[in-house]
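Number of protein chains: 2
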Amino acid sequence: MPVLVMKFGGTSVATLDRIRRAAKRVGVEVAKGYDVIVIVSAMSGKTNELVGWVNEISPLYDAREYDAVVSSGENITAGLMALTLQEMNVPARSWQGWQVPLMTNSAHSSARIEEIPTDNLNAKFGEGMRVAVVAGFQGISPEGRITTLGRGGSDTTAVAFAAAFGAERCDIYTDVDGVYTTDPRISSKARKLDKIAFEEMLELASLGAKVLQTRSVELAMRYNVRLRVLSSFEEQSDDAGTLVCAEEEIMESNVVSGIAYSRDEAKMTLISVADRPGIAAAIFGPLSDAGVNVDMIIQNIAEEGRTDMTFSCPTDQVKRAEKALQEAKEKGEINYHDLVADTDVAKISAVGIGMRSQSGVAAKMFKTLSDEGVNIKVIATSEIKISVLVDRKYMELAVQALHDAFELDKAA
Amino acid sequence: MPVLVMKFGGTSVATLDRIRRAAKRVGVEVAKGYDVIVIVSAMSGKTNELVGWVNEISPLYDAREYDAVVSSGENITAGLMALTLQEMNVPARSWQGWQVPLMTNSAHSSARIEEIPTDNLNAKFGEGMRVAVVAGFQGISPEGRITTLGRGGSDTTAVAFAAAFGAERCDIYTDVDGVYTTDPRISSKARKLDKIAFEEMLELASLGAKVLQTRSVELAMRYNVRLRVLSSFEEQSDDAGTLVCAEEEIMESNVVSGIAYSRDEAKMTLISVADRPGIAAAIFGPLSDAGVNVDMIIQNIAEEGRTDMTFSCPTDQVKRAEKALQEAKEKGEINYHDLVADTDVAKISAVGIGMRSQSGVAAKMFKTLSDEGVNIKVIATSEIKISVLVDRKYMELAVQALHDAFELDKAA
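Going down the list, the protein sequences come from chains A and B.
Just so we're aligned: 92 in full-length UniProt numbering is position 92 of the first sequence, and the numbers increase by one with no gaps anywhere.
Just so we're aligned: 199 in full-length UniProt numbering is position 199 of the second sequence, and the numbers increase by one with no gaps anywhere.
What follows is the structure, given as structure tokens:
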């Protein structure tokens, strides 16, 4: 029988009533003829409680014990979900990570999945089990200890199972009903997308549309797992939510699919850097070593032999960046007059695979912002994305204007 | 290094502070040179919460899923205890049942321990680990699924580990500071026993002194595991609590060690049963089939060819007993005039291994009760126990009088 993976997040299994509602959705898919693998998170709040206890006992905790403790929330939900399905006469059983076994490396608390053997679950499907309820977020290390995949790891678990079992689709049930052209709280014209390409979703996710874990989208793209994001709080039709899929599946699309934004980006400028071959490496090497996630980089030649270097990074990494650059300067590795941090900016991005084949998108974006009197501080582009930094006070205005200009309220 | 097993019940690990206090006790034993195996229960209240959820979802639950859910409380405590010990610089790690592995049969929710291989833990002790924190109450079935040992199973886990590892002693930390000559709430003269024989403890436990699970005492007796019951809420000396041990270790003891009582016993009398060979089997067979735990049995010949048959059973099984006997009568298997249930009785027992060699204990017991005007309704005796049923209103009086008569307030 075809396999479907369904993942329910913490808010979707927060109470016994919600577990029942989720189980009903599973029952609908079973009735359609699917063998279903359900991936569950911990009931919302449970994991935070456990993490809080671990931190209170031991701020520099042993990650192996952390994993043993925090993985228990998912085990509870898995058992309760299996019982709920059985009560609805759906043959189901629960699986903890080590029982599958979902094999990971030994990087406790942020382990990577190495293999998911399919024989154990398939044997049970062969015996008439219709639903395997698997505790998300966890696995087992080569040493036989429990590992976790890091926060949000249940999305990744779901996609990995879909890939391993060749599932027809991986449905991610969450508390939003899909992916929007922009944040509906900022633009009332925001429209839910029926489909979006993996590449677009990756850009939107890393830009702050926190519907799916970036890692799970990457995995889905690599194994071509069709991902559907939908709400567990609404009655569902077959085409509910947003399908995240390969570009080839999307017949028609707007040039721009969505407008993303981020408030948590800071602009940092090194003024009058002594320019020489290898200077970029000398600046960004220490930043990388210090764990600073540099996003946009711009270099302007200011005068002969000297240059200004501007980059952006998350606001909460500004102090770390300043320290790393200061130390590099003291060691004589780089030389600059001044370092200016501007944390009062926002990043606005237009994302769309259509940009690859269509020119004029950047020009239209710049003109739109200019018409609204929004000054652009930094520009960066990739194949399917144009990002600008603007003063934070213009953020909502810029998002709304761009959403209008690219007519995202209208389907392609 | 010699091995010590220490078990902490739910109230002893109810909060992070209490886990810290328990960990300090463990640290004291490690400092003495022991390799320690710590068995932990779930934080108090946790297991009840999980059991409540399972019952709410599915009153006739799949015991395999029940076990998967309710075993998670112990896993949490095990990890938290290991972290707390590490924070005190004691090399420790947690073990879930399947990791040891503690192998059981497949009788989910009341599984029996089949084997505890020692190689995994011993390998870690060999590498410098000083404390193995093991989640109590759980194991793994031959099918690779999680099993639980039934309520109170953590005591049994502790004794089984002590037997498997040849531990010097198994310390059971709980919320009482030992085993008393009788319930201190009933007699202010109740005295804590320093030592008590396994056989005596078994009689006291099954008679209502609910300090230790009967099953764990049976196991301790079979493998001669020295069990110490002590409080986790008091500073401990080396001879704190009560040692439950083989008779040979007890040099001096009173003829009677303790006076136990039970309010939950009912007296049932079948009046004028047609007497014939096999009549006892015809009566008690159906009761056994109905799950009625018959304790005392008395037969009186009332008239030629007819007899009265009296027995006791737990009060909450009276309805079940009546139904079973009524059905046997309707089928013509037995014949009686009437069935009278008296639930207004209490059972009082004097227990002591000294009775084996000393006569006159029963006579002294009966005279004491008679002097107090307490009428005895049923008498039953075993090698080390004399039990009587009396009107419930005399229970406290009878316990106090017997405690005085056998001078239990004085050590031997």
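From the three backbone atoms N, C-alpha and C, an ideal C-beta is built for every residue, glycine too.
Excluding the 5 residues flanking it on each side, aspartate 171 (chain A) has same chain C-beta neighbours closer than 6 Å at Met6, Arg228, in chain order. Three or more beta-carbon pairs drawn from the stretch 55 to 68 of chain B and the stretch 142 to 153 of chain B are found closer than 8 Å, and the two stretches are therefore classed as touching.
Residues of the stretch 121 to 154 of chain B with a C-beta less than 7 Å from any C-beta of chain A: Gly144, listed in chain order. In terms of Cα proximity to glutamine 99 (chain A), the closest of A:Ile259, A:His108, A:Leu121 is A:Leu121. One Cα belongs to leucine 212 (chain A), the other to aspartate 155 (chain A), and the distance between them is close to 7 Å.
Under a 10 Å Cβ-count criterion, valine 28 (chain A) is classified as exposed, with fewer than 16 other Cβ atoms of the shown protein chains found around its own Cβ. Look at methionine 268 (chain B) here: in three-state DSSP terms it is strand.
Under the three-state reduction of DSSP output, serine 312 (chain A) falls in the strand class. Not flagged as an interface residue toward chain A: serine 110 (chain B), since no C-beta distance is shorter than 7 Å. Between threonine 269 (chain A) and valine 179 (chain A), the C-beta spacing is not below 7 Å. DSSP places alanine 135 (chain A) in the uninterrupted beta strand (DSSP E) bounded by 131 to 135. For isoleucine 297 (chain A), same chain residues with a beta-carbon under 7 Å away, outside a window of 5 residues either side, are Phe311 in chain order. Selection A:Met88, A:Leu83, A:Gly128, A:Gly136 evaluated against methionine 103 (chain A) yields A:Gly136 as nearest (Cα-Cα).
For the stretch 75 to 98 of chain B, the set of positions with a beta-carbon nearer than 8 Å to some beta-carbon of chain A reads Asn75, Ile76, Ala78, Gly79, Leu80, Ala82, Leu83, Thr84, Gln86, Glu87, Arg93, Ser94, Gln96, Trp98 in chain order. Residue-level contact check: isoleucine 57 (chain B) touches chain A, since one or more beta carbons of chain A fall below 7 Å from its beta carbon.
For a Cβ distance threshold of 7 Å, residue set Leu83 of chain B lies close to tyrosine 61 (chain A), ordered along the chain. Chain order gives the chain A residues near valine 69 (chain B) as Ile76, Gly79, Leu80, where near means a beta carbon separation below 7 Å. Sixteen is the threshold: since fewer than 16 other Cβ atoms of the shown chains lie within 10 Å of the Cβ of glutamine 358 (chain A), the residue is exposed. Across the structure, glycine 332 (chain B) and threonine 343 (chain B) are spaced so that their CA atoms are roughly 27 Å apart. Along the stretch 24 to 66 of chain A, the beta strand (DSSP E) occurs as fully enclosed runs of 3 or more residues at 35 to 40, listed in sequence order.
Annotation for serine 154 (chain B): the continuous alpha helix (DSSP H) segment containing it runs 153 to 164. Secondary structure within the UniProt domain "ACT" (350 to 412) of chain A: the alpha helix (DSSP H) runs of 4 or more consecutive residues, fully enclosed, are 361 to 371, 395 to 405 (chain order). For the options B:Ala362, B:Leu50, B:Trp53, B:Ile37, the alpha carbon positioned closest to that of alanine 160 (chain B) is the one of B:Ile37. Around the C-beta of asparagine 375 (chain A), fewer than 16 other C-beta atoms lie within 10 Å, and the residue is accordingly described as exposed. Counting only the Cα atoms, lysine 385 (chain A) lies some 22 Å from glycine 373 (chain A). Residue-level contact by beta carbon fails for serine 12 (chain B) and chain A, as no gap is shorter than 7 Å. Neighbourhood of leucine 16 (chain B) in chain A, by CB distance below 8 Å: Trp53, Glu56, Ile57, in chain order. The beta-carbon of glutamate 330 (chain A) is placed no less than 7 Å from the nearest beta-carbon of chain B.
For the stretch 35 to 53 of chain B, the set of residues with a beta-carbon nearer than 9 Å to any beta-carbon of chain A comprises Leu50, Trp53, in chain order.
Within the same chain, and ignoring the five residues on either side of glycine 33 (chain A) in sequence, the residues whose Cβ sits closer than 8 Å to its Cβ are Met1, Pro2. Note on geometry: alpha-carbon atoms of leucine 50 (chain B) and alanine 260 (chain B) lie some 33 Å from one another. The beta-carbon separation of tyrosine 173 (chain B) and serine 382 (chain B), rounded to 31 Å, does not stay under the 8 Å limit for a contact.
Pairing alanine 282 (chain A) with isoleucine 334 (chain A) gives a Cβ-Cβ distance under 7 Å. Within the model, the alpha-carbon separation for valine 294 (chain A) versus phenylalanine 233 (chain A) is close to 38 Å. With a threshold of 16 other beta carbon atoms within 10 Å, valine 340 (chain A) falls short and is exposed. Glutamate 115 (chain B) does not reach chain A, its nearest Cβ partner there being about 18 Å away, counting only Cβ pairs nearer than 8 Å.
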